[in-house]
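First to last, the protein sequences are chains A and B. Those letters in the first sequence? Residues 1 to 207, per my numbering, in order. Those letters in the second sequence? Residues 1001 to 1207, per my numbering, in order. Idealized CB from N, CA, C, for every residue including glycine. Bear in mind the structure is a predicted one, so any value in this text is a computation, not a measurement. In what follows, a single structure is set out as C-alpha cells and then discussed.
Number of protein chains: 2
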Amino acid sequence: MLLYTSLRAPNPRRVNMFLAEKGIDNLERVHLDLNAGEHRDAAYLAKSPLAKVPALQLDDGRVLTETRAICTYLEGLVPEPNLMGTDATERAFIEMADRRVEWTILLGVATSIRHSHPGLASLEQPQFPAFGQSQADKLKANLHVFDTMLESQTWMAGERFTIADITAYCALEFARGLMKFRPADLGYQALQAWRERVFERPSGQVQ
Amino acid sequence: MLLYTSLRAPNPRRVNMFLAEKGIDNLERVHLDLNAGEHRDAAYLAKSPLAKVPALQLDDGRVLTETRAICTYLEGLVPEPNLMGTDATERAFIEMADRRVEWTILLGVATSIRHSHPGLASLEQPQFPAFGQSQADKLKANLHVFDTMLESQTWMAGERFTIADITAYCALEFARGLMKFRPADLGYQALQAWRERVFERPSGQVQ
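Below, the structure written as C-alpha cells:
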C-alpha cells in the first residue's frame, strides 16, 4: 500500500495517528507539497478527483480518499486495538462522537484558519476574513459542549480512547499552532485536561 | 424508538429516505419547528447538545444524533437491503463516496443557502452573502467531478444504490427547492439522469 500524505495538515495527521495507535509502522509514504499545489497535478487528480489529501492506494491499485473512510479500511485490516466500535451499535455511537467533533471542532478550526490566515491564502481563494472570525467565535462557544461532556467522561466517545479523540486532538493541535488557541485560555479545564491525556500517548507525538 | 425530525431540511429527509429503503414504516416521530427554534429548547438540548436534528431515541433511553450515525445503527438493526457495505472494505469505499457527497455537495448547498437565503436568516447569524455566493460557485464547478463519474457508473458508489445516493439526492433536491438549481442547467447531463433514476424510486418521493 502507498499513502499519499502531507506535513502539518490535520487530516493527514489523523491517519498517521490512527496508524500509530494500530501499530502499523511499515507504510510507504509519498509527501505532497500543498502550498506548491501538488495535490492539483493531473497525476494526483487521477487518484483523488477532488484533490483531497490523504489518499491510500491499495495493493490492487484502487485508491481510497477521505480520512475516515481510510480509517474504516485500516480498522478492517488490523482490528486491534479497536478504535471505531465492535458492533453496529457501538460503531454508531463512536461515529456520532467522531462526527460531532469533525463538523463542529475540525470544520470550525479549518474554516476559521483558511479564511483568515495569510499562510492559507494559496489554499482558500477568495478568503472571507469576517466569515472566518465569526466561525472562530462560534467554535469557541461550541467547545463548551465538549468541555461539559468531558467533566463526566474520560474520552470523546465515552470511557475508552477512539477515533473521535484522534479527530479532536488533530483539530485542536492545528488550532494551537495557527490560532495560538488553548482550551484553558477560555476556561475549558476539562477539555484542556483531556488534551494533556492525549498528548501523553505515544501517538500524540506523531505528526 | 422515537425519531426527532423536521420538515423540509435535508438531514431529516436523509434518515426518512434511508428508513423507506429499509422498509421501516412504524417509527414514531416528533416534528420540531426549526424556524421557531424548538431545537434550541432546553428539553431538546438535553437529548441533542449541539441542537442537531434529526435525533433517534432508542428504547433504552440513549439518544443518537448525526444522520449518518443514525443510519449506521439502523443498518445494524435491519441489514437488508444493504446500503452501507457488507464488510470493512466495502464499507470504506461507500463511506468515501458518501463523504465526498456530503462534504462537497451537501456542505456546498447548505452553506450557499444558509448564507444567502432570507428564509434561513433565523438559522444562520450572521449571514455572509458574498461567502454564500462563492460557495455556490465552487459547488457548481465541483459537480463536474460527480457528473464525469456518473458517465461511467450508475450510482454514486458504483453499480448499486447506497447511502451515498440518498445523501446526494437530498442535497440536490434542497438546492432545487431553494436555489432553483438543476444539474442539467449547467450541462451536467449524467448527474441529471442519475437524479431522475433516484426520483423514480419509491423513496425518492419521501420528504
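- Counting along the chain, GLN57 (chain A) sits inside the beta strand (DSSP E) bounded by residues 55-57.
- When C-alpha distances from ARG29 (chain A) are compared across A:ALA190, A:PRO54, A:GLU38, the shortest belongs to A:PRO54.
- In the three-state reduction of the DSSP assignment, VAL1015 (chain B) falls in the helix class, which pools H, G and I.
- For the pair of segments examined, the region 1122-1131 of chain B was found not to touch the region 1175-1192 of chain B: the number of CB pairs separated by less than 8 angstroms stays below three.
- Straight across, the Cα-Cα distance linking LEU191 (chain A) with SER134 (chain A) is about 22 angstroms.
- According to DSSP, residue pairing for GLY1158 (chain B) in a beta bridge involves B:TRP1155.
- For LEU64 (chain A), the enclosing beta strand (DSSP E) starts and ends at 63-65.
- Restricting attention to B:GLY1132, B:ASN1142, B:THR1072, the CA atom closest to the CA of GLU90 (chain A) is found in B:THR1072.
- When only Cα atoms are considered, ALA9 (chain A) and GLY1085 (chain B) end up about 29 angstroms apart.
- In summary, LYS1180 (chain B) is exposed, with fewer than 16 beta-carbon neighbours lying within 10 Å of its beta-carbon over all protein chains present.
- When 8 angstroms is used as the limit between beta carbons, GLY76 (chain A) is near these residues of chain B: ASP1087, ALA1088, THR1089, ARG1091, ALA1092, in chain order.
- At a beta-carbon threshold of 7 angstroms, the residues of chain B lying near SER134 (chain A) are PRO1126, ordered along the chain.
- Of all C-beta pairs linking the region 1137-1153 of chain B to the region 1033-1041 of chain B, fewer than three are shorter than 8 angstroms, placing the two stretches out of contact.
- Look at the region 60-131 of chain A and you find these whole runs of alpha helix (DSSP H), each 4 residues long or longer: 67-77, 88-100, 107-116.
- Rounded to the nearest whole angstrom, the CA to CA distance from LEU77 (chain A) to LEU1064 (chain B) is 27 angstroms.
- Between TYR73 (chain A) and chain B, the shortest Cβ-Cβ separation is below 7 angstroms.
- Rounded to whole angstroms, the Cβ separation of ILE1024 (chain B) and LEU1083 (chain B) is 12 angstroms, and the two are not in contact under 8 angstroms.
- ASP59 (chain A) counts as exposed, since fewer than 16 other beta carbons sit within 10 angstroms of its beta carbon.
- Comparing C-alpha distances from LEU178 (chain A) to each of A:PHE131, A:VAL109, A:SER152, A:GLY158 shows the shortest one belongs to A:VAL109.
- Distances from the alpha-carbon of VAL1145 (chain B) to those of A:PHE18, A:VAL198, A:ALA46, A:GLN57 put A:ALA46 closest.
- One thing to note: MET17 (chain A) has its Cβ within 7 angstroms of the Cβ of ILE166 (chain A).
- Among the residues of the region 1019-1039 of chain B, none has a Cβ less than 9 angstroms away from any Cβ of chain A.
- Look at ARG182 (chain A) here: in three-state DSSP terms it is coil, with no helix or strand label.
- For LEU64 (chain A), the chain B residues whose C-beta falls within less than 8 angstroms of its own C-beta are ALA1092, PHE1093, MET1096, listed in chain order.
- Scanning A:ILE94, A:ASN35, A:GLU21 for the CA closest to the CA of PHE199 (chain A) turns up A:GLU21.
- Under the DSSP assignment, TYR1044 (chain B) falls in the alpha helix (DSSP H) whose first and last residues are 1042-1045.
- In this structure, A:LEU120 is the residue among A:GLU151, A:ARG201, A:LEU120 with its C-alpha nearest to the C-alpha of PHE174 (chain A).
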